[in-house]
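These notes are about the structure you will find just below.
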Amino acid sequence: MFMDLEEQCPVCGDKVSGYHYGVLTCESCKGFFKRTVQNNKTYVCVENQQCKIDTSKRKRCPFCRFQKCLNVGMRLEAVRADRMRGGRNKFGPIYKHDRALKQQKKALIQARRLRIESNQKDVTFTSNIHSIAILHNTKLNPNKLLSKPCNSPAVLQHQITSPSNWAMKLENCSNAAELAAFAEAVVGPHHTSSRSISTQSPRIPQLEIEFLQCDPRDLQLQKNIFSCLQQEQACRHIEPGTFSSVYVMADQLLCSIVEWARTSIFFKELKVSDQMKLLHSCWSELLVLEIISRQVLYGTDGGLLLITGQQVAPHAGPTSVSLNQRGTELVEKLRMLKVDHQEFACIRFLILFAPDVKELEEHRFVESVQQQVEGALLKYTLASSSQSCNRFTCLQLYLSELRSLSILAEDYLYYKHLSGEVPCNNLLNEMLHAKCCWT
DNA sequence: ACTCAAGGCCAG
DNA sequence: CTGGCCTTGAGT
């Protein structure tokens with residue numbers, strides 16, 4: 012079996028010996044984590060709880076070592092309460108998927124490197140220096156997929172009450188710019204790339220260009236969806252075209268939204284706890300916006316255009332029909348207004364930075380970002396249309412319609428979630444579960 | 001039969 | 001307590 016010998020333990024940097032408790036770690040950190048959890052140990056840090064952990068210092072502060080174990084995503088619940096030996100745990104398929112993903116990424120990095128070497132003049136590379144820098148400096152983190160929750164009540168409770176699961180997701184997801192670079196390495200610049208638009212439109216304010224550069228990219232997402240669907244079909248015999256397959260897509264879309272957010276300008280400056288609060292509050296709105304903006308920018312009247320390029324008819328049921336109807340109406344309005352990429356990019360940020368979210372530690376920062384985004388959007392509508400004031404007001408109006416639509420969508424998904432007719436172990440379920448615990 | 005992540009063992 | 005090596009056993 013493939014094992015990357017260059018791989019370093021994310022806790023101490025020692026040589027990785029395999030997946031242990033959810034993460035590729037060395038043998039010593041595996042043992043340390045096991046002993047700590049099995050024997051219910053508590054440690055105290057004599058410094059300021061920020062000790063550096065490496066191979067030479069890892070013995071010095073068990074407190075910080077254990078904290079780092081948790082931070083990189085090692086899972087308490089993978090230590091068996093009954094101490095049973097051997098066999099496999101529920102993470103098995105996830106480890107497999109993760110390995111495949113790492114392989115894929117490695118191949119893509121190589122492909123990109125080859126392209127860079129063979130074609131230094133390529134415009135996308137010079138305009139994309141930031142992505143390249145990130146690509147080459149970021150250590151690929153294997154934990155992205157491992158942050159999916161499992162469904163046992165005790166564990167679920169742990170994941171909901173403790174921020175670690177979310178924090179882990181936010182800290183360990185791979186970078187959106189990195190993914191964009193991967194996608195470009197394989198197929199070249201995306202034809203709908205916001206960068207190509209931004210370089211052609213000098214009148215766009217600087218801030219908007221920044222927003223656009225955080226635009227989630229479709230190609231990697233499509234790949235993820237296809238691979239997830241394949242996996243779901245293999246594991247759970249989910250038929251293509253059923254609600255479950257749509258649910259899988261929605262979940263992947265949600266993952267991409269979280270990835271987009273956590274690497275975005277301003278948002279990445281926030282404390283993880285605030286990031287979580289914001290995302291918990293607006294995920295459904297962003298999800299609906301993603302679907303709607305796709306219809307507005309690329310869709311035809313033939314039905315719902317999915318990111319995979321398929322068009323589907325709405326599913327039966329009163330809520331679904333109502334959702335579809337109101338969604339279609341909103342799409343029509345946005346189409347009439349000819350809302351473009353730039354404006355959608357701003358709207359995403361407007362939704363994300365909602366200052367009315369309760370108990371934000373950096374409330375003033377969120378508020379000031381919201382104001383800046385509003386300013387940028389106003390400036391843009393002023394520059395692009397003679398009836399700009401009206402246009403800006405219209406956009407705000409449609410934004411509130413989007414909000415109410417997203418509440419309906421959330422309720423619909425929640426109903427499906429409760430009735431159990433959805434795939435489990437995903438981010439969407441986690442969000443819906445949080446909904447039932449918090450509201 | 002093989003794989004590989006669990007737990008166990010024990011010299012240092 | 002640490003960490004390298006060993007044993008185990010469900011899943012493939």
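So for the first sequence, this note's numbering puts the first residue at 12; every next one is plus one. Cβ coordinates follow ideal geometry from the N, Cα and C atoms, glycine included.
Exercise. Name, in chain order, the residues that DSSP records as bridge partners for H31.
Key: In DSSP, H31 forms a bridge with V34.
Quiz prompt | Cβ-based burial, Y426 [other Cβ within 10 Å; buried from 16] | solution = Flag for Y426 reads exposed.
Quiz item: Using the beta-carbon count (16 or more within 10 Å), is E370 buried or exposed?
Solution: So E370 counts as exposed.
Quiz item: Terminal residues of the continuous alpha helix (DSSP H) containing Y309?
Solution: That run of the alpha helix (DSSP H) goes 283-309.
Practice problem: Mind checking which residues open and close the alpha helix (DSSP H) that includes L361? | Solution: Counting along the chain, the alpha helix (DSSP H) containing L361 begins and ends at 352-363.
Quiz item: How close, in whole Å, do the beta carbons of S409 and L341 come, if the pair is a contact with beta carbons under 8 angstroms?
Solution: Note that residue 409 is Tyr in the sequence shown, not Ser. 6 angstroms between Cβ atoms; contact.
Quiz item: Is the beta carbon of F44 less than 7 angstroms from the beta carbon of M85?
Solution: For F44 and M85, yes; Cβs fall inside 7 angstroms.
Quiz item: Quick one: is Q263 buried, meaning 16 or more other Cβ sit within 10 Å of its Cβ, or exposed?
Solution: Under the 10 Å beta carbon count, Q263 is surrounded by 16 or more other beta carbons and is classified as buried.
Quiz item: Going along the chain, which residues of its own chain have a beta-carbon closer than 6 angstroms to the beta-carbon of Y30, five neighbours each way excluded?
Solution: Answer for Y30: Y106, listed in chain order.
Exercise. Identify the continuous alpha helix (DSSP H) that holds Q78 and give its terminal residues.
Key: For Q78, the enclosing alpha helix (DSSP H) has its first and last residue at 73-82.
Practice problem: Measure from the alpha carbon of A356 to the alpha carbon of each residue in C266, F77, E385, then state which is nearest. | Solution: If you compare the alpha carbons of C266, F77, E385 with that of A356, the shortest gap goes to E385.
Exercise. Quick one: grab the DSSP three-state call for Q19.
Key: In this structure, Q19 counts as strand in the three-state DSSP scheme.
Exercise. Taking L345 as the reference, give the member of E373, V307, V332 with the closest Cα.
Key: Nearest C-alpha to L345: V307.
Self-check item: Backbone secondary structure at K70 - three-state DSSP
Solution: K70: coil per DSSP, three-state reduction.
Quiz item: Would the beta-carbon of F364 fall within 7 angstroms of that of V350?
Solution: No, the Cβ-Cβ distance between F364 and V350 is not below 7 angstroms.
Exercise. Go through its chain and collect everything with a Cβ distance to L35's Cβ below 8 angstroms, but skip five positions before and after it.
Key: Excluding its 5 nearest sequence neighbours in each direction, L35 has C-beta neighbours in its own chain below 8 angstroms: E18, C20, P21, V27, G29, P153, listed in chain order.
Exercise. Keeping to the same chain, check which residues put their C-beta closer than 7 angstroms to that of V368; ignore five residues upstream and five downstream.
Key: Taking C-beta separations shorter than 7 angstroms and ignoring five residues to either side along the sequence, the partners of V368 in its chain run K288, L289, S292, following chain order.
Quiz item: Is K63 helix, strand or coil by DSSP?
Solution: Coil, per DSSP.
Practice problem: Below 8 angstroms on the Cβ atoms is my guess for E373 versus L281; work out the distance and round it to an integer in Å. | Solution: Confirmed, Cβ separation roughly 6 angstroms.
Quiz item: Distance, Cα to Cα, V299 vs L87?
Solution: Approximately 34 angstroms between the Cα atoms of the pair.
Practice problem: Return the CA-CA distance between V166 and A89, expressed in angstroms with no decimal places. | Solution: With a pLDDT of only 34 at V166, under the threshold of 50, the placement of this residue in the model should not be trusted; the figure read from the coordinates follows. So the two alpha carbons sit approximately 10 angstroms from each other.
Quiz item: Who are the Cβ neighbours of N100 in its own chain at under 7 angstroms, not counting the five residues just before and after it?
Solution: Closer than 7 angstroms at the Cβ level, and outside the excluded window around N100, lie A89.
Quiz item: Among V57, R76, Q60, which one has its Cα closest to the Cα of T4?
Solution: Here the chain covers residues 12 to 450 and nothing more, so residue 4 does not appear.
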